[in-house]
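Whatever position you read off the sequence shown (first residue = 1), add 2 for the numbering used here.
Where a beta carbon is used, it is the ideal one built from N, C-alpha and C, also for glycine.
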Amino acid sequence: MTSKTPDLETAYALRTPEESRRLYAEWAGNYDSSFAAREDYQLHIHTARAFVAAGGQGPVLDVGAGTGLCGAVLSDLGVGPIDATDISAEMLDQAMRKDIYRDAIAADLTVGVPAPAGSYSGIVSSGTFTTGHVGPDALDELLRLARHGAQFALSINAQHFQAAGFADKFDSLRARNIQSFTLKETRIYGDLAAGPHKDDIALIALFEKT
Ligand SMILES: C[S@@+](CC[C@H](N)C(=O)[O-])C[C@H]1O[C@@H](n2cnc3c(N)ncnc32)[C@H](O)[C@@H]1O
3 MTSKTPDLET AYALRTPEES RRLYAEWAGN YDSSFAARED YQLHIHTARA
53 FVAAGGQGPV LDVGAGTGLC GAVLSDLGVG PIDATDISAE MLDQAMRKDI
103 YRDAIAADLT VGVPAPAGSY SGIVSSGTFT TGHVGPDALD ELLRLARHGA
153 QFALSINAQH FQAAGFADKF DSLRARNIQS FTLKETRIYG DLAAGPHKDD
203 IALIALFEKT
């Protein structure tokens, strides 16, 4: 187990999937109350709404679903069925308690998700493409899991977008694999947030698999 208290700083300082697995195992029990509520976390709401506004429909895969915050908003908006995938079995346990998801798939996205190609009409992700977490190479696996015409809504931390080379990855995908690509800038936290990350920005990448 990690000796550090789970919080935003330790999350941004993660270096490997194994470190993620350990941190989120510790964080799962109080992620919603200690992080999401205290930091006025809003990104899951923006991501789910953007997906629905773009015409997204189920079946949906919520990638790095965590405790199920994005899935809960999608479900409230009438989207389903929704599956959850995450590297952390403990986070998925919390998600499944919310009675939103059809299935939970424990998997390291950087290795692969054990589901057949073309399983999903929609792919959403909030808070997983961020510093210390998952980079642009994982987009290939998400495209494999998606049907032709599937709608994507992926939030990507704006600093991570720059540092990890998402622009180049999307440029190459736009040439062959995706269409109707837009980037929507949004705040990650709400007006009640305090601390050094309160004004952090994410880009919500909206696109369709061709
Ligand atoms: C900041 S949380 C976001 C959770 C949720 N989507 C939300 O918006 O609250 C990031 C999630 O990404 C997951 N994660 C990190 N690295 C991963 C990987 N390599 N494969 C799959 N999930 C990963 C973590 O376990 C964690 O649940």
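query	result
ILE89 beta carbon near ligand 1 (any heavy atom closer than 7 Å)	yes
Same chain only: Cβ atoms within 8 Å of ASP34, ignoring 5 sequence neighbours per side	THR69, LEU71, GLN96
Cutoff 7 Å; reference LEU84; Cβ partners in own chain excluding five residues on either side	In the sequence as presented, Leu is not what sits at residue 84; that position holds Ile. Counting only Cβ-Cβ distances below 7 Å, and skipping sequence neighbours, we find GLY60, VAL62, ASP64, GLY73, LEU76, SER77, ILE102, TYR103, ARG104.
LEU144 vs ALA207 beta-carbon contact at 8 Å	no
Check whether PHE168 and PRO138 have beta carbons under 8 Å apart	yes
Cβ neighbours of GLY114 in the same chain (closer than 6 Å, five flanking residues each side left out)	GLU143
Host beta strand (DSSP E) of GLU41 (start-end)	Taken as a continuous stretch (DSSP letters only), GLU41 belongs to no beta strand (DSSP E), as it is neither H nor E.
For SER174 and THR18, the rounded distance between their alpha carbons	25 Å
Opening and closing residue of the beta strand (DSSP E) in which ARG104 lies	Looking at the DSSP string, ARG104 is not in any beta strand (DSSP E), and its letter there is neither H nor E.
Cβ-Cβ separation, GLY66 to THR130 (assumed contact under 8 Å), whole Å	3 Å
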